[in-house]
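Engineer: Quick one: the structure is below, and I'll ask about it shortly.
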Amino acid sequence: MCEHSNFDAKVIIKRSDAPPAWRASLRVTCKQCGMDFYFPGLPPEQPNGIQQIGVADHGTTALLDIRPPLTSTDTGSTPPPNSVRRN
Ligand SMILES: [Zn+2]
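The opening position of the sequence shown corresponds to residue 697 in my numbering, with each subsequent residue numbered one higher.
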């Protein structure tokens, strides 16, 4: 039985304009057996196909909003300016 002690990670970052926004898509697999890791604690996948922050691809991908620092004193604790969700 694999102890899943070595990993591969794949991160894809997409940038959109007006306003600028960044979305990171993260996937982690076991280097030995190839099994996908899950991301417990993130919001579940949306059944309507809308990709919000949380998991996708049956729990094996984490979708995260990221952003660069806004000021020299920015601590990263405030959400990105475009984080208001439109439904
Ligand atoms: Zn493994």
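Even glycine gets a Cβ: it sits at the ideal position worked out from N, Cα and C. None of the values given here were measured: they were computed from a predicted structure.
What separation, rounded to the nearest whole angstrom, lies between the Cα atoms of lysine 706 and threonine 774?
Structural biologist: The residue you call residue 706 lines up with position 10 of the sequence shown. The residue you call residue 774 lines up with position 78 of the sequence shown. Distance between the alpha carbons of lysine 706 and threonine 774: 26 angstroms.
Engineer: Thinking just about the alpha-carbon of each residue, which of Thr767, Ile749, Leu766 and Asp753 is nearest to the one in leucine 759?
Structural biologist: Here residue 759 corresponds to residue number 63 of the sequence shown, with the count starting at 1. Here the closest residue by C-alpha is Ile749.
Engineer: Would you give the residue range spanned by the beta strand (DSSP E) that leucine 722 belongs to?
Structural biologist: Locating residue 722 in the sequence shown gives position 26, counting from the first residue. 717–726 is the extent of the beta strand (DSSP E) around leucine 722.
Engineer: Taking the straight line between their C-alpha atoms, what separation do you get for lysine 727 and cysteine 698?
Structural biologist: In the sequence shown, the residue the question calls residue 727 occupies position 31. In the sequence shown, the residue the question calls residue 698 occupies position 2. Answer to the nearest angstrom: the Cα atoms are 10 angstroms apart.
Engineer: Looking only at its own chain, which residues have a Cβ that is under 8 angstroms from the Cβ of asparagine 702, when we skip the five neighbours before and after it?
Structural biologist: Residue 702 sits at position 6 when you count from the first residue of the sequence shown. These residues qualify, in order along the chain: Cys726, Lys727 and Gln728.
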